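Notes to accompany the following structure.
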Amino acid sequence: MQYHFNDIEAKWQKYWAEHKTFQAKNQSEKPKYYVLDMFPYPSGAGLHVGHPLGYIASDIYARYKRHKGFNVLHPQGYDSFGLPAEQYAIQTGQHPAITTETNIATYRRQLDQIGFSFDWSREVRTSNPEYYKWTQWIFVQLFNSWFNNDSGKAEDISTLETIFSAEGNTTVNAVCDDNIEPFTAEAWHSFSSEQKQDVLLQYRLTYLAETEVNWCPALGTVLANDEIVNGVSERGGHTVVRKKMTQWSMRISAYAERLLQGLNTIDWTDSLKESQRNWIGKSVGASVTFNVKGHDDKIDVFTTRPDTIFGVNFMTLAPEHELVAKIVTAEQKADVEAYIEKTAKRSERERMADVKTISGVFTGAYAEHPFTKEPVAIWIGDYVLASYGTGAVMAVPCGDQRDYDFANHFGITIPNIFEGVDISETAFGEKGKTKLMNSDFLNGLAYKEASKKAIEALEAIGQGEGKTNYRLRDAVFSRQRYWGEPFPVYYVNGKPQMIAMEHLPIRLPEVEKYLPTETGEPPLGRADVWAWDTELNTVVSNEKINNTTVFPLELNTMPGWAGSSWYFFRYMEEASKRGDAFASEDALNYWESVDLYIGGSEHATGHLLYSRFWVKFLKDRGFVNIEEPFKKLINQGMILGTSAFVYREEGTNTYLSHGLIEGKSVSPIHVKVQYVNASDELDIEGLKTDGEFGEDFKDAEFILEDGVYKVGREVEKMSKSKYNVVNPDQICAEYGADSLRLYEMFLGPLEQAKPWNTAGITGVHGFLKKLWKLYIGEESVNVTDAEPTKDNLKTLHKTIKKVEDDIENFSFNTSVSTFMIAVNEFNAQKCVSKAVLEPFLVLLSPYAPHIAEELWSQLGNLESISEAPFPEFDGSHLVESSKVYPISFNGKMRFTLELSLDLGKGEIEKIVMAHEKTQDQLQGRTPKKVIVVPGKIINIVG
RNA sequence: GCAGAAAUGGUGGAAUUGGUAGACACGUUGGACUUAAAAUCCAAUGGGUAGUAAUGCCCGUGCGGGUUCAAGUCCCGCUUUCUGUACCA
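In the working numbering, the protein residues as written are 6 to 947.
Okay, structure coming up:
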């Protein structure tokens with residue numbers, strides 16, 4: 006009988022589905038284990054070979070845990086709101102819901118054929134109204150909450166109102182807007198309802214605020230920093246302007262300290278925790294207020310070096326700082342405006358990365374040093390970002406390299422405040438390495454004492470205080486898009502009102518086109534039925550808006566991270582019981598949190614931070630009992646694609662083969678990798694008749710070398726736009742899912758990025774054929790009840806140990822080698838013993854479940870292998886009596902010698918020294934030293 | 001610029017605690033089987049060098065130093081690549 010993998014795989018996939026083999030139960034005698042993948046966005050390109058890498062790893066772990074006796078929850082779903090479906094809708098008019106539905110069907114088929122042990126009964130889709138109902142509900146909870154710094158927790162907004170009516174806001178220690186006006190209890194009572202709403206909005210955990218965005222009028226959308234190149238949109242090259250917009254924001258900054266501290270309690274890689282720490286960016290220092298000379302205005306700065314306050318002799322504002330226009334002098338106005346215009350064209354990212362170009366302009370205005378009252382020149386420079394801190398920096402050129410370079414470039418003097426330090430070449434940035442001078446009352450003090458004293462002095466004159474600053478900014482939560490969760494919000498006189506829980510979900514309205522409106526409103530501005538009737542409690546036609554009972558609804562939608570910030574809770578509830586809570590208390594208490602989470606590192610600071618924020622919030626409000634959602638997290642490395650290029654000679658329609666481009670002016674153009682064979686030769690006919698790009702190449706001339714057109718190759722991120730996507734379907738059809746699973750693991754360490762290359766897949770496929778032949782002969786099963794030999798048991802137990810260790814350490818690539826070695830050994834031993842070959846299948850089953858199930862049943866088992874207990878390791882089978890010692894001379898191995906492990910150091914040395922090969926090596930010399938490490942090595946020095 | 005990760009044969013990678021570098025595969029070469037091909041099986045395969053051969057010697061884990069009886073592994077200094085990025089004031 007032959008190994009017919011297609012039949013076997015289809016058979017067992019059907020079996021698992023029919024028998025609900027992997028459906029998790031919310032009650033069990035077994036301990037629970039929750040294994041989760043980052044759910045995919047169902048793109049039109051379908052699943053590529055990079056997606057399954059993490060899914061295979063988590064599936065191996067989930068199956069392993071089942072063998073180890075755990076009640077495993079291993080669900081999957083779709084992050085199904087997103088831009089590509091919307092973009093497609095804009096181009097074709099097709100509703101994104103339809104595109105999404107089609108794409109999900111493709112993903113499901115592709116995932117099913119790989120044989121994952123997902124519990125599909127618990128599937129979630131973020132774009133499903135029954136799901137986003139609860140996303141909207143969480144938003145309302147955030148709106149109805151404020152963060153009390155005294156308790157360190159979010160509380161219901163009503164507790165804040167109680168405080169306001171009893172004692173005003175001066176005693177409240179809350180996370181809130183910066184520009185809060187103090188008021189008394191009496192004043193609170195005298196406020197109108199609208200005034201009260203305005204005040205409360207300054208405290209709510211989600212709030213409306215003016216935020217600066219990159220606005221592209223031609224596209225009618227807001228762009229991310231990396232979508233802007235040289236001040237124009239990457240797509241289409243349209244101008245981009247900075248524009249202020251009123252948007253929903255989330256007060257994630259309230260949780261900065263808890264997000265930071267929580268990292269110490271979870272089992273994530275140090276590198277990932279480090280990037281979250283950097284993102285949160287806690288720094289301890291002081292805020293300092295500078296008065297502007299000749300104006301009433303003040304400039305606040307934050308500094309980590311209050312000790313260097315006497316080294317300040319200028320300051321720099323971000324070009325977009327609101328004071329710039331106000332304080333600039335007439336003589337400098339033209340220069341300043343020209344500079345601001347130039348800066349406006351650079352993205353934040355560009356400004357950050359470019360440190361070589363020093364640029365800036367003097368405003369002509371001066372601030373006043375808080376202690377010396379000396380004038381401090383106010384400059385603007387684009388290395389200061391408006392969105393970070395206060396958008397202003399006090400410059401200490403002798404103590405900060407960037408300030409030093411800036412001063413040097415513009416001929417500003419650099420006063421020295423460090424005792425015994427030469428600052429003629431470079432700034433001195435080391436804290437506490439010397440004492441201060443030229444610093445008045447700080448003279449002779451080191452960093453720590455000086456900082457303390459400086460802060461005390463600033464506080465005494467009311468021009469500063471000690472402060473802890475976080476880099477983490479509040480997160481903008483509005484998107485000017487169609488395909489996202491609508492806000493459950495309507496506006497009365499411009500004040501946002503929440504729609505009550507019992508009326509949710511507020512479903513996305515129908516629109517004619519998915520573009521922004523001509524007046525620049527988001528796509529929902531095109532909806533005709535998009536108003537809220539407060540009497541009928543339903544969405545009604547816009548014509549009925551009367552602003553007394555019927556009001557306009559919010560036009561923005563929520564960002565992609567809304568739905569993905571809590572989906573792991575939704576899986577906890579059995580689908581049939583998903584009633585009137587986002588998950589029942591029982592389900593939440595049973596599954597608690599995700600035990601193992603696997604996904605890409607690109608989500609390190611987005612999704613993983615927002616999820617942690619929402620979980621902490623939900624805990625504060627009593628909806629969940631956990632502080633951290635993901636106990637252990639592994640990042641799988643990116644699978645890179647090998648892109649292919651053709652080279653068009655500049656200004657022609659002629660393409661040169663890769664070997665001919667030297668010295669020519671050519672532009673490389675991506676071509677689809679399916680038209681390129683393993684020898685980098687291009688299928689020109691295929692390219693010319695391609696449905697998508699054939700037209701572009703129809704009349705092109707291809708210049709060949711040695712009769713073929715050779716493409717250039719480059720390893721890049723696998724992406725639809727680079728035309729290097731490789732699809733798993735063909736591999737499943739040609740080699741089977743088990744081969745794909747083994748091969749993806751065999752490629753290398755899970756966490757390392759690696760280019761995809763199918764060249765080696767025949768190796769793992771050949772292994773599976775060998776394995777099959779070990780169990781199944783020409784006519785019948787080979788396996789017998791024969792007693793296992795010593796060697797059989799040795800191979801088995803060696804393999805048990807190695808595979809178990811590998812899985813626990815997420816080192817799946819080395820397990821595959823171990824299986825190959827074991828099968829090679831069993832073959833050499835002519836092993837037929839069921840006592841050895843049966844448990845071996847359990848070891849293999851997490852990796853190659855279909856063939857393991859088939860052989861398991863061929864051996865006469867009637868139940869699925871998936872719950873079979875993992876074999877117990879017995880070390881007694883591995884005990885050795887002798888060791889082949891490497892004999893080294895001066896650290897170089899010269900020959901080996903087999904010796905009993907019972908021998909002591911002295912005996913070993915005696916035998917080795919007496920050996921004829923030793924004497925050959927020494928050639929009469931007397932060794933200075935002989936190192937003997939029993940069981941390891943012998944090294945003779947001399 | 002900053003942060004994190006990485007660099008080992010023609011290729012993917014292994015060496016888990018400092019102890020025989022290159023496991024396991026791919027590829028390549030030679031052989032068996034076959035009318036032939038595919039499939040399968042066997043053998044060789046880091047580079048150089050001496051020898052008919054058995055075998056031996058030299059070099060070798062990005063580069064330069066160091067610690068050690070012994071370094072891919074530890075320390076110091078660099079280079080390159082990948083990923084992320086908000087000049088961390």
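Think of the CB as a built atom: it goes at the ideal place given N, C-alpha and C, for glycine as much as any other residue. Owing to the predicted nature of the structure, the values given are computational and were not obtained by experimental measurement.
Check                                                                                                                                                              : Outcome
Can you have a look at A171 and say buried or exposed, based on whether 16 or more other CB atoms are within 10 angstroms of its CB?                               : exposed
Does the pairing of the segment 642-661 with the segment 621-629 give three or more beta-carbon distances under 8 Å?                                               : no
Short of 7 Å in beta carbon distance, which residues of its chain neighbour G87, apart from the five on each side in sequence? Order them along the chain.         : Y46, W488, G565
Please say whether E843 and Y20 have beta carbons closer to each other than 9 Å?                                                                                   : no
For D600, report the span of its beta strand (DSSP E) as first-last.                                                                                               : 599-605
Tell me F900's beta-bridge partners as DSSP assigns them.                                                                                                          : I892
Just to confirm my understanding: we take L4, look at its own chain, exclude 5 residues before and 5 after, and list those with CB closer than 8 Å. What are they? : A question about residue 4 goes unanswered here, because the residues of the chain that appear run from 6 up to 947.
Give the secondary structure of N729 by DSSP, where H, G and I count as helix, E and B as strand, and everything else as coil.                                     : coil
Strictly by DSSP, which residues pair up with R617?                                                                                                                : DSSP, once it has assigned bridges, lists no residue as partnering R617.
Given A397, which residues of its chain have a CB within under 8 Å of its CB, disregarding the five upstream and five downstream residues?                         : I304, D305, V306, M320, T321, L322, A323, H326, V389
By the DSSP assignment, the beta strand (DSSP E) with A586 in it spans what residues?                                                                              : Run containing A586: none; DSSP gives neither H nor E here.
Given this structure, state the Cα-to-Cα distance separating Y519 from K669, to the nearest angstrom.                                                              : 45 Å
If E597 and T270 are in contact, beta carbons under 8 Å, what's the gap, nearest whole angstrom?                                                                   : Rounded, the Cβ-Cβ distance is 14 Å, inconsistent with contact.
Exposed or buried, which one is M898 when buried takes at least 16 other CB atoms within 10 Å?                                                                     : exposed
Would the segment 926-943 and the segment 884-894 be scored as touching if the rule is three or more Cβ pairs under 8 Å?                                           : yes
Should the segment 212-221 be called in touch with the segment 436-445, which here means at least 3 C-beta pairs below 8 Å?                                        : no
Give me the residue from R478, K458, L477 with the minimum Cα distance to E470.                                                                                    : K458
What does DSSP give as the partner residue(s) for V306 in the beta ladder?                                                                                         : V293
K201: which of F900, K500, A339 sits nearest, CA to CA?                                                                                                            : K500
Indicate the three-state DSSP secondary structure (helix, strand or coil) for G396 in the structure shown.                                                         : coil
Excluding the 5 residues flanking V426 on each side, which residues of the same chain have their C-beta closer than 6 Å to its C-beta?                             : F433, T439
With a CB to CB cut of under 8 Å and the five nearest residues on each side skipped, what residues in its chain are close to G525?                                 : P222, G225
Hey, could you find the ends of the beta strand (DSSP E) F152 is sitting in?                                                                                       : 150-153
Hey, how far is the Cα of G865 from the Cα of K636?                                                                                                                : 40 Å
Find out if the Cβ-Cβ distance for the pair G59, G605 is shorter than 9 Å.                                                                                         : yes
Please list, in chain order, all residues of the same chain as Q118 whose beta carbon is under 7 Å from its beta carbon, the five residues on each side excluded.  : C737, A742
Checking 9 Å against the spacing of the C-beta atoms, do A536 and F556 come in under that value?                                                                   : yes
Give me the residue from D879, S881, S850, T368 with the minimum Cα distance to G869.                                                                              : Looking at the sequence shown, residue 869 is not Gly but Ser. Considering only alpha carbons, the answer is S850.
Unbroken beta strand (DSSP E) runs of length 3 or more, entirely within the segment 378-436: which are they?                                                       : 380-385, 397-400
Please report the residue range of the alpha helix (DSSP H) in which Q924 lies.                                                                                    : 921-927
Decide if M6 is buried, meaning its Cβ has at least 16 other Cβ atoms within 10 Å, or exposed.                                                                     : exposed
Go ahead and pull the three-state DSSP assignment for E160.                                                                                                        : strand
Okay, do the segment 397-417 and the segment 337-351 touch, 3+ Cβ pairs below 8 Å being the bar?                                                                   : no
Specify the secondary structure class of E461 as computed by DSSP and reduced to three states.                                                                     : helix
Would you mind sorting V828 into buried or exposed? The rule is 16 or more other CB atoms within 10 Å of its CB.                                                   : buried
Quick one: measure Cβ to Cβ for M563 and F650, integer angstroms, because I've assumed they're closer than 8 Å.                                                    : 39 Å between Cβ atoms; not a contact.
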